[in-house]
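S.K.: Using my numbering, the letters of the sequence shown map in sequence onto residues 1 to 178.
Built from N, CA and C at the ideal position, the CB exists for glycine as well.
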Amino acid sequence: MGTVRIVAAVILAIAAAGVADRRANPQTPGSAIGPEAALPRGVHPETRNRLSPLDPARLSDRMKKVYADAVAASPGGYPQGVAAIRLHRSGVDVRWDARIGRRLSELAIITIAREYDQPYEWSLHEMEALAVGLEPQIVDVVRYRGPLTGVGEKETAIINSGARSAGTRSRWRPTCAR
Numbered sequence: 001m002g003t004v005r006i007v008a009a010v011i012l013a014i015a016a017a018g019v020a021d022r023r024a025n026p027q028t029p030g031s032a033i034g035p036e037a038a039l040p041r042g043v044h045p046e047t048r049n050r051l052s053p054l055d056p057a058r059l060s061d062r063m064k065k066v067y068a069d070a071v072a073a074s075p076g077g078y079p080q081g082v083a084a085i086r087l088h089r090s091g092v093d094v095r096w097d098a099r100i101g102r103r104l105s106e107l108a109i110i111t112i113a114r115e116y117d118q119p120y121e122w123s124l125h126e127m128e129a130l131a132v133g134l135e136p137q138i139v140d141v142v143r144y145r146g147p148l149t150g151v152g153e154k155e156t157a158i159i160n161s162g163a164r165s166a167g168t169r170s171r172w173r174p175t176c177a178r
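Here it is, written out as structure tokens:
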């Protein structure tokens, strides 16, 4: 227990020193989050990230509403941060609007969640996959890394791709103990 307290004290001291340094020199890049902060090269001041600002005229009607909501919530009058990133079709929109459909999209998500042993992602997306029509037998194939016999061609391709992207064997066999 003594070692944990020492490590915690060191971490707090380092954090406090960093905060004091930023307060003493507010022009240090990345030290402030306000509009006056110096931004790293390649970061757009409008979006506050590396993605360029969006042209609202090129957005779908649904995305125009999301854009308008992001503008209304932003003190700068244009989407910033997470809102700007999501407007670039990152994050949840990819899941909802995937060309392969929700059923196969959720299969891809649970495949990767299983391969990287992510129980939180698995638990959320397993329920979602079942809700959008993914068969429980296919969910069990992913869960237990079972054989792909009787699994459809598209489902097999997604499961094998997920296993390969995670660096496991391409034939969807149980991996070695970790």
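If we ignore side chains and look at the alpha-carbon of each, how far apart do serine 60 and glutamate 155 end up?
M.R.: If I take the Cα positions, the gap works out to 30 Å.
S.K.: Under a three-way DSSP split, which group does histidine 44 fall into?
M.R.: Histidine 44: strand per DSSP, three-state reduction.
S.K.: At the level of alpha carbons, what is the spacing between leucine 134 and leucine 39?
M.R.: Cα to Cα, leucine 134 sits roughly 45 Å from leucine 39.
S.K.: What does DSSP give as the partner residue(s) for asparagine 49 in the beta ladder?
M.R.: Its beta-bridge partners are His44.
S.K.: Alanine 113 and glutamate 121 - do their beta-carbons sit closer together than 7 Å?
M.R.: Cβ distance < 7 Å, so glutamate 121 and alanine 113 count as in contact.
S.K.: For tyrosine 144, I'd like the list of residues in its chain whose CB is within less than 6 Å of its CB, leaving aside the five on either flank, ordered along the chain.
M.R.: Excluding residues within five positions, none has a Cβ falling inside 6 Å.
S.K.: Buried or exposed: threonine 111, going by 16 or more other Cβ atoms within 10 Å of its Cβ?
M.R.: When all chains shown are included, threonine 111 counts as buried.
S.K.: Take the Cβ of glycine 162 as the centre, count every other Cβ of all protein chains shown within 10 Å, and call the residue buried at 16 or more, exposed below.
M.R.: With 16 or more Cβ atoms within 10 Å of its Cβ, glycine 162 is classed as buried.
S.K.: Taking the alpha carbon of valine 142 as the point to measure from, which residue in Ala108, Glu128 and Val132 has its own alpha carbon closest?
M.R.: Looking at the Cα atoms, Ala108 is the closest of the given residues.
S.K.: In three-state DSSP terms, what is arginine 114?
M.R.: Residue state, collapsed to three classes: helix.
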